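First comes the structure, then the notes that go with it.
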Amino acid sequence: IPVPKIVKTWKEDDHTLTLMESPPGQPLSTVWRRLSSEQRESIAKQTANYVLELRKLHSDRMESLDGGPVSTNFRFGNYQDVRPCGPFASDDELWAELESRLHEAVPERVRKLLRSRMPPSTPYTFTHGDLSYTNIMVKDGCVTGIINWETAAYMPVWWESAS
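Residues in the sequence shown are numbered from 1 upward in steps of one, following the UniProt record's numbering.
Given below as structure tokens:
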């Protein structure tokens, strides 16, 4: 997996900061329209293989790399509400957090329906958390780096596809 080389890490208050080298190339978002069909397919396959590699890494709970809370804006609720939460070891613990972010006007019957439709979370797999074409660097039709790992964590198996 083409992850940028770490230059330096340090702590400021409650935050860990990481300075990384910039991979060669440009964000996929800026070159996509200029790529041939073959290049697009190749980049898609490369990216899919990297995601499959990540999904081989498991944890027994939803947690950050250091075992602590994850920082994410959940799938519903206030998308600007990025706050640490967890770790969670069960679907019920995760649902309690998700439900707490629902607007108070959401009726109980809708809450129950949402909970009943939530797929099982296990296995908790390592997830980039923000894998989009703005975070995939490419050069000459090849993926040269995946950047912006700040929301990476062990998340429910369905998380990356819901992002």
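Positions of the beta carbon are idealized from the N, C-alpha and C atoms, including for glycine.
Only a predicted model underlies this, so the values are computations on that prediction, with no experimental measurement involved.
- Boundaries of the alpha helix (DSSP H) around residue 95: 91-100.
- A direct Cα-to-Cα measurement between residue 38 and residue 149 gives close to 28 Å.
- For residue 118, DSSP assigns no beta-bridge partner whatsoever.
- Counting along the chain, residue 50 sits inside the alpha helix (DSSP H) bounded by residues 37-54.
- If you draw a straight line from the Cα of residue 40 to the Cα of residue 108, it comes to about 45 Å.
- A buried status is given to residue 94, since no fewer than 16 other beta-carbon atoms sit within 10 Å of its beta-carbon.
- Within the same chain, Cβ atoms closer than 8 Å to the Cβ of residue 133 are found at 27, 28, 29 and 32, the five residues on either side in sequence being excluded.
- The three-state secondary structure of residue 158, taken from DSSP, is coil.
- When DSSP states are grouped into helix, strand and coil, residue 57 belongs to the coil group.
- Counting C-beta pairs with one atom in each stretch, the stretch 7-22 and the stretch 105-120 have fewer than three that are closer than 8 Å, which means they do not touch.
- Proximity to residue 86 across 138, 105, 147 and 61 peaks at 61, based on C-alpha coordinates.
- Counting every other CB atom within 10 Å of its CB across the protein chains shown gives residue 127 a total of 16 or more, marking it as buried.
- Between residue 106 and residue 47, the gap from beta carbon to beta carbon reaches 8 Å or more.
- From the listed residues 158, 131, 45 and 154, the smallest Cα separation to residue 66 is found for 154.
- The bridge partners DSSP lists for residue 71 are 84.
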